[in-house]
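Read through the structure below, which is laid out as structure tokens, and then see the notes.
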Amino acid sequence: MSSQELYDEIPSLDLADFTSGDPERKARFVQTLGQAFNQIGFVAIRNHGLTDELTKKLYDSAQAFFSASDNVKQKYERPDLNGQRGYIGKGKETAKGFKVADLKEFYHIGQPEPVGDMPANVLPDEFPEFSEATLTAYRTLENAGKQLLRAIALYLELPENYFDDKVQNGDSILRALHYFPLDPETTPDGAVRAAAHGDINLITLLMGASADGLEVLRRDGKWIGITALPDQVVVNVGDMLDRLTNHKLKSTIHQVVNPPREKMNQSRYSIPFFMHPRADMDLTSLKSCIDAEHPKLYVDMTAGEFLNERLMELGLKKA
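Per our numbering, the sequence shown runs over residues 64 to 382.
Shown next as structure tokens:
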């Protein structure tokens, strides 16, 4: 594909090509992934390790948790953790640049075995299946994410294991999201399920079953709908990887549009995995991504400093 061509849909890739041990399949995977991340910032991946059984368990248990009364859910709210663990209630997060809060509630799971001063997970006692399924999915998606970062490192002509130690015990988050039913008559003007935004992290992995309603802003200004098969995971570049590569790999603006009016009264569940490095990772743009045609765009900062800045912008953290 030439550098000027526009994608009408996101490319579909098989992670087994990368892990196969076949140098040719591996090299082809690296180039296709890299080109897609350079152009549109999104791909769909299969053979990521999530089974149908685990995915079903995850969605069923998330639905059970979010169906609980507010009294039960609010037991697991931890405002002192700035929305990084446990339950985050309705109207708490507003996309950068927007006045109206997104129409959603969610639950955050972090590293299963926290190290140092990393907070432990806040898990709901009443829903052991939810705890078990989210922790298993966390480990599975973190593992797939590590493989994808190895492919990205090769595309950037870095050592294959460049990201390994940077994401070891990283600040990654699994987010179980509930977009609750909406009443078309009372939904605030301008409020959407998830307003147009870029992700903060290195890469995001989103189960195909969650991708309904997801749209990506192509660089010619056209929104294109993401269609992913149930057995695929949609992977996109986040702002940290964009900074590190001086916008060679593109963090693309995306949104979740409200359903048609007749479907607004239905719940929607979505479970993205946000792959973060540790806070001490240096996001200074790689010298190999800076030249006369691509002058340096970003000020130097660590992943922790950048995350802090963005949590304040989202309203999850107070100055």
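Don't be surprised by glycine CBs; every beta carbon is placed ideally from N, CA and C.
Just how far apart, CA to CA, sit residue i and residue j?
i: L69; j: T114; result: 32 Å
i: E372; j: Q137; result: 26 Å
i: G112; j: A207; result: 7 Å
i: D82; j: Q174; result: Strictly speaking, residue 82 in this sequence is Thr, with Asp absent from that position. Approximately 24 Å, taken between the alpha carbons.
i: G367; j: L360; result: 19 Å
i: S235; j: H357; result: 30 Å
i: S75; j: N134; result: 42 Å
i: E176; j: R202; result: 11 Å
i: A342; j: T365; result: 7 Å
i: V319; j: I334; result: 13 Å
i: V185; j: D354; result: 46 Å
i: V230; j: T249; result: 43 Å
i: V300; j: V106; result: 9 Å
i: T197; j: Y122; result: 10 Å
i: L237; j: S273; result: 13 Å
i: I215; j: S132; result: 43 Å
i: M344; j: N309; result: 16 Å
i: N321; j: K285; result: 18 Å
i: L204; j: N110; result: 11 Å
i: D180; j: D228; result: 18 Å
i: S314; j: I73; result: 14 Å
i: L292; j: I108; result: 10 Å
i: Y218; j: S130; result: 44 Å
i: M375; j: E189; result: 32 Å
i: D275; j: G84; result: 34 Å
i: P182; j: K209; result: 22 Å
i: D305; j: P222; result: 18 Å
i: L312; j: Q126; result: 35 Å
i: K89; j: S124; result: 36 Å
i: K120; j: V362; result: 43 Å
i: E87; j: T199; result: 32 Å
Contact defined as beta carbons within less than 8 Å: I believe residue i pairs with residue j. What is the distance between those atoms, to the nearest angstrom?
i: L166; j: F243; result: 7 Å
i: N266; j: L212; result: Contrary to the premise, residue 266 reads as Ile rather than Asn in this sequence. The Cβ separation is near 7 Å, so the contact holds.
i: M303; j: N328; result: Going by Cβ atoms, the distance from M303 to N328 rounds to 37 Å, so no, they are not a contact pair.
i: P247; j: R331; result: The pair is not a contact, with the Cβ atoms about 15 Å apart (cut-off 8 Å).
i: A258; j: I316; result: Rounded, the Cβ-Cβ distance is 10 Å, inconsistent with contact.
i: D71; j: I289; result: Going by Cβ atoms, the distance from D71 to I289 rounds to 12 Å, so no, they are not a contact pair.
i: S351; j: E220; result: 7 Å
i: D77; j: R91; result: Actually they do not touch by this definition, with Cβ atoms about 10 Å apart.
Is it true that the CB of residue j sits closer than 7 Å to the CB of residue i?
i: F128; j: F193; result: yes
i: N224; j: V178; result: no
i: L268; j: V298; result: yes
i: Y139; j: P187; result: yes
i: L370; j: L346; result: no
i: G261; j: Q295; result: no
i: L240; j: F169; result: yes
Threshold first: 4 residues or longer. Then list the alpha helix (DSSP H) segments lying entirely within the stretch 76-117, N to C.
Complete alpha helix (DSSP H) runs here, min 4: 78-82 and 86-102.
Contact between the stretch 139-151 and the stretch 85-103 is defined here as three or more beta-carbon pairs at a separation below 8 Å; is this criterion met?
Touching, no.
Just checking, does the stretch 131-146 make contact with the stretch 321-338 on the three C-beta pairs under 8 Å criterion?
Too few Cβ pairs lie closer than 8 Å, so no.
Which runs of the beta strand (DSSP E) fall wholly inside the stretch 212-265 and span at least 3 residues, in chain order?
Here the runs fully enclosed are 236-242 and 257-260.
The stretch 101-112 touching the stretch 272-282, judged by at least three CB pairs closer than 8 Å:
Segment contact: the stretch 101-112 against the stretch 272-282, three or more CB-CB distances shorter than 8 Å; contact assigned.
As an exercise, report each continuous beta strand (DSSP E) stretch of at least 3 residues that is fully enclosed by the stretch 321-346, in chain order.
Those beta strand (DSSP E) runs which fall completely within the stretch 321-346 and span 3+ residues are 331-333 and 335-338.
Could you name each continuous alpha helix (DSSP H) segment of 4 residues or more that falls completely within the stretch 275-319, going from the start of the chain to the end?
Runs of alpha helix (DSSP H) with 4 or more residues, each lying fully within the stretch 275-319, are found at 302-307, listed in chain order.
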